[in-house]
Amino acid sequence: MSLLNLSKPILFLALLASLASLTLGFQSRKLTELYQPQPDLLTYHNGAVLRGDIPISILWYGQFTSAQKAIISDFILSLTANRQAPNPSVAQWWNTIDQFYLSKAVKSNGPKYTNILLANQTIDDKCSLGKSLTLSQISQLAAKTGPRKGGIALVFTAQDVTVEGFCMSRCGLHGSNKRNGYSYIWVGNSVTQCPGQCSWPFHKPIYGPQTPALLPPNADVGIDGMVINLASMIAGAVSNPFGDGFYQGPKEAPLEAATACTGVYGKGAFSGYAGNLLVDTTTGASYNANGAHGRKYLVPALFDPATSTCITLV
């Protein structure tokens, strides 16, 4: 993909100088608050969703260890490739997105399935665009992954890389290039910048009730936090890839499948409390989903448009 054409952001505060065919969406998780969705407002706006085979291309920007890459790669594989994982599972969570959103929008002659395919990975450990990135540079990095039509480019930035708005208004974003027909997602490692905002509940929140932090299931506060934000963004990227799919509120700042349930991970969640989660008897780590290669993860609740409630795995 070449340099992208930017247009208005899908979500949140900034108006960006832009070219014409790219739309941005981004999430800000205010971790000490639970969003209470208004009834019957998260609806379908008659646009495209991503379905069928969805090829995923990854760019690792900055220094990531092999172990860190494996945690995130295994999460992506867990979405559909490892359906043998015991429930509650990441695949079960993904199937809920399909059930609530994707299957409701597909035309009768369209694909009847949704399958994530890990296509390729690129490493930019020397940080070719520097360690302070703008949102337009994120789109340039997405282009370097060689994303395919109908696919998603994932850009992951290391803990010493700053991104415009990171920690101030967002923990991740998703956008798209309509001209080339693909979406992209950016998520950063917040462990040295704002773990209390973007890695909660595995770190004490910056504001609000100072409840004890939970132990992360993969023993890495920053990476396990990235998985949470990646899950939120991928739910939005497939159900509202081009800004005219499923969302609630203004098109420029929508709430989507997962961001409409910010801070909810298990039943009984309230401000400063993630909900009743599963606990690994060996490590003491908290999680709500099983994944590939015996891994465990924490994934966000999903908004059910039919009942206007946040649905959790546990």
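Throughout the sequence shown, residue numbering follows mature numbering (1 follows the signal peptide of the UniProt record, and there is no 0), covering -25 to -1, 1 to 289 in sequence. A virtual CB, placed ideally from N, CA and C, is assigned to each residue, including glycine.
| If you drop the 5 nearest sequence neighbours on each side, which residues of the same chain put their C-beta closer than 7 Å to that of L77? | On the sequence shown, residue 77 is found 102 positions in, with the first residue counted as 1. Exclusion of the five residues before and after L77 leaves V24, R26, T89, V213, S214 as the residues of its chain whose Cβ lies within less than 7 Å of its Cβ.
| query | What are the partner residues of C285, as DSSP defines its beta bridges? | reply | Position 310 of the sequence shown, counted from the first residue, corresponds to residue 285. DSSP lists F278 as partners of C285.
| said: Among the candidates R123, T109, T40, whose CA atom is the shortest distance from the CA of N95? | reply: Mapped onto the sequence shown, residue 95 falls at position 120. Closest option to N95, Cα to Cα, is R123.
| field | Residue range of the alpha helix (DSSP H) that includes W68 | value | In the sequence shown, residue 68 corresponds to position 93, counting from 1. Its alpha helix (DSSP H) spans residues 65 to 72.
| task | Just the C-alpha distance for P176 and L34, rounded to the nearest angstrom, thanks. | result | Residue mapping note: residue 176 aligns to position 201 of the sequence shown, counting from 1. Residue mapping note: residue 34 aligns to position 59 of the sequence shown, counting from 1. P176 and L34 have their C-alpha atoms spaced approximately 26 Å apart.
| query | With C-beta atoms as the reference, is G266 less than 7 Å away from L252? | reply | Here residue 266 corresponds to residue number 291 of the sequence shown, with the count starting at 1. Here residue 252 corresponds to residue number 277 of the sequence shown, with the count starting at 1. Contact flag unset, no.
| request: State the Cα-Cα distance for the pair T132 and L93, rounded to the nearest angstrom. | output: Along the sequence shown, read from residue 1 onward, the residue named residue 132 stands at position 157. Along the sequence shown, read from residue 1 onward, the residue named residue 93 stands at position 118. As the crow flies, the alpha-carbon of T132 is around 18 Å from that of L93.
| field | Residue closest to N21, alpha-carbon to alpha-carbon, out of G85, A80, N193, W69 | value | Residue numbering aside, residue 21 sits at position 46 when the sequence shown is read from its first letter. Ranking G85, A80, N193, W69 by Cα distance to N21 puts A80 first.
| Whole beta strand (DSSP E) runs in the stretch 146 to 204 with 3 or more residues, listed along the chain? | Runs of the beta strand (DSSP E) inside the stretch 146 to 204: 147 to 152, 157 to 163.
| task | Please check the pair G247 and P180, which I expect to be a contact at CB under 8 Å, by giving their CB distance rounded to whole angstroms. | result | Within the sequence shown, the letter at position 272 stands for residue 247. Within the sequence shown, the letter at position 205 stands for residue 180. 7 Å between Cβ atoms; contact.
| Buried versus exposed call for L(-4) [16 or more other C-beta atoms within 10 Å across all chains shown] | Taking the sequence shown and counting its residues from 1, the one referred to as residue -4 is at position 22. Note that L(-4) has pLDDT 41, beneath the 50 cutoff, so the model's placement of it is unreliable and the number below is only indicative. Buried.
| query | N95 bridges to which residues according to DSSP? | reply | Locating residue 95 in the sequence shown gives position 120, counting from the first residue. In DSSP, N95 forms a bridge with S32.
| query | How many angstroms separate the CA atom of L16 from the CA atom of S103? | reply | As a first step, residue 16 is located in the sequence shown; it is residue number 41 there, counting from the start. As a first step, residue 103 is located in the sequence shown; it is residue number 128 there, counting from the start. The alpha-carbon atoms of L16 and S103 are separated by roughly 42 Å.
| task | Provide the residue span of the alpha helix (DSSP H) that contains F50, from first to last. | result | Here residue 50 refers to the residue found at position 75 of the sequence shown. Residues 41 to 53.
| query | Taking contact to mean at least 3 C-beta pairs separated by less than 8 Å, is the stretch 180 to 190 in contact with the stretch 42 to 50? | reply | Touching, no, given that fewer than three Cβ pairs across the two stretches are closer than 8 Å.
| According to the neighbour-count rule (16 or more other Cβ atoms, all chains shown, within 10 Å of its Cβ), is A249 buried or exposed? | Along the sequence shown, read from residue 1 onward, the residue named residue 249 stands at position 274. With 16 or more Cβ atoms within 10 Å of its Cβ, A249 is classed as buried.
| query | Which residues in the same chain as S(-24) place their Cβ atom closer than 8 Å to its Cβ, once the five residues preceding and following it in sequence are excluded? | reply | Residue numbering aside, residue -24 sits at position 2 when the sequence shown is read from its first letter. Confidence at S(-24) is low in this model, with a pLDDT of 34, below 50, so its placement is unreliable and no value can be given for it.
| message | Considering just the uninterrupted stretch of the alpha helix (DSSP H) at A117, what are its terminal residues? | response | As a first step, residue 117 is located in the sequence shown; it is residue number 142 there, counting from the start. Residues 110 to 118.
| said: I need the straight-line Cα distance from G200 to A235, nearest angstrom please. | reply: Mapped onto the sequence shown, residue 200 falls at position 225. Mapped onto the sequence shown, residue 235 falls at position 260. Cα atoms of G200 and A235: separation of roughly 18 Å, rounded to the nearest angstrom.
| Secondary structure of T132, DSSP reduced to three states | Taking the first residue of the sequence shown as position 1, residue 132 is located at position 157. DSSP places T132 in strand when its eight states are reduced to three.
| Mind checking whether A206 and A232 have CB atoms under 7 Å apart? | Within the sequence shown, numbered from 1, the residue matching residue 206 stands at position 231. Within the sequence shown, numbered from 1, the residue matching residue 232 stands at position 257. Between A206 and A232, the C-beta gap is not smaller than 7 Å, which leaves the two residues out of contact.
| query | Run through DSSP, which three-state label would L77 get? | reply | Translated into the one-based positions of the sequence shown, residue 77 becomes position 102. DSSP places L77 in helix when its eight states are reduced to three.
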